[in-house]
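Trainee: For the sequence shown, this note's numbering begins at 35 and goes up steadily by one. By construction, the Cβ of each residue, glycine as well, lies at the ideal position given by its N, Cα and C atoms. What follows is a single structure, and I will ask about it in a moment.
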Amino acid sequence: MGEGKMMKTENLSDEADAIIKKAIEDADRLFEDNPDLFKEKPAGIMSVRQALESDDPLENIRNEMGEKEIQKLFSLLYAAIMEVNSAGAGILFDRYDREEIEIMYNHYKDFGAGLFCNAIDKIQSFITERLGDTYSDDDFFELCDTKEYIAIDRAVTRQYEAMCREMEEALLGFVKQNIGQLENNV
């Protein structure tokens, strides 16, 4: 009787293997016959144009960004808003290198984010005055503990709400100007 059960189990296993093998072959044929089957966007994904019209456009646009250079630029500019909103403009000098800050500065300047640019100018001028054009992380962190730096950082951080609003408007302007390039399907 034990052998009969073993044979039955083996038969079920063989049967299951055959069913699975056939399902895989059917799926392979389906994909070969329809190479664009899964090219459509999944439900819930919106285009940049749709995201721009949504209740939370910048967050929804951020969710659509990929690996194109213009999309990476959007992500950098969006990250600047998040950083300024959470810790003030001074944090950018800790989190980003000079080239990235310069990119942020230039794009926000082009789209009218004056408070952000003024804050970056004040902080950068103070750092350059005290440390020169090149400095180590240790030198920068030591500078951040000085009364003078703290005073400058506090002064610009007090404006963070208005600064972030300006940056958001500027980033929306950037999106509107570059909407075709920001779309993932282009």
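Which of the three DSSP states is assigned to Y112 in this structure?
Mentor: As a first step, residue 112 is located in the sequence shown; it is residue number 78 there, counting from the start. DSSP places Y112 in helix when its eight states are reduced to three.
Trainee: Distance, Cα to Cα, R192 vs E136?
Mentor: One-based indexing of the sequence shown puts residue 192 at position 158. One-based indexing of the sequence shown puts residue 136 at position 102. Their Cα atoms are separated by approximately 22 Å.
Trainee: When we look at the beta-carbon of Q105 and count the other beta-carbons within 10 Å, is it buried (16 or more) or exposed?
Mentor: Mapped onto the sequence shown, residue 105 falls at position 71. Counting the other CB atoms within 10 Å of its CB gives Q105 a total of 16 or more, which places it among the buried residues.
Trainee: Alpha helix (DSSP H) containing K210: first to last residue?
Mentor: In the sequence shown, the residue the question calls residue 210 occupies position 176. Taken as a continuous stretch (DSSP letters only), the alpha helix (DSSP H) holding K210 covers Y194 to Q211.
Trainee: Can you give the beta carbon distance from E202 to L110, rounded, assuming they're within the 8 Å contact cut?
Mentor: Along the sequence shown, one-based indexing puts residue 202 at 168. Along the sequence shown, one-based indexing puts residue 110 at 76. Contact doesn't hold; Cβ gap of about 15 Å is too wide.
Trainee: In this structure, does DSSP put T191 in helix, strand or coil?
Mentor: The residue you call residue 191 lines up with position 157 of the sequence shown. Correct three-state label for T191: helix.
Trainee: At what residues does the alpha helix (DSSP H) containing F127 begin and finish?
Mentor: For the purposes of this step, residue 127 is taken as residue 93 along the sequence shown, with counting starting at 1. L126 to R129 is the span of the alpha helix (DSSP H), which, as asked, contains F127.
Trainee: Hey, out of Q215, F150, A57 and G124, whose CA is closest to F174's CA?
Mentor: If you number the sequence shown from 1, residue 174 lands on position 140. Of the candidates Q215, F150, A57 and G124, the one whose C-alpha sits nearest the C-alpha of F174 is G124.
Trainee: Shortest alpha-carbon distance to E176 belongs to which of K56, R96 and D128?
Mentor: Translated into the one-based positions of the sequence shown, residue 176 becomes position 142. By alpha-carbon distance to E176, the top candidate from K56, R96 and D128 is D128.
Trainee: Give the single residue among D89, S47 and F208 whose Cα lies nearest to the Cα of N140.
Mentor: As a working mapping, residue 140 is identified with position 106 in the sequence shown. Residue F208 is the option with its Cα nearest to N140.
Trainee: To which residues of the same chain is R83 closer than 8 Å at the C-beta, ignoring the five residues directly before and after it?
Mentor: Position 49 of the sequence shown, counted from the first residue, corresponds to residue 83. Cβ within range, chain order: I213 and E217.
Trainee: State buried or exposed for P76, treating a residue as buried only when at least 16 other CB atoms are found within 10 Å of its CB.
Mentor: The residue given as residue 76 occupies position 42 in the sequence shown. Only weak support is given to the placement of P76: the predicted model assigns it a pLDDT of 48, under 50, and the question is left unresolved by the model.
Trainee: If you drop the 5 nearest sequence neighbours on each side, which residues of the same chain put their C-beta closer than 6 Å to that of F160?
Mentor: As a working note, residue 160 is residue 126 in the sequence shown. Hits under 6 Å: I186.
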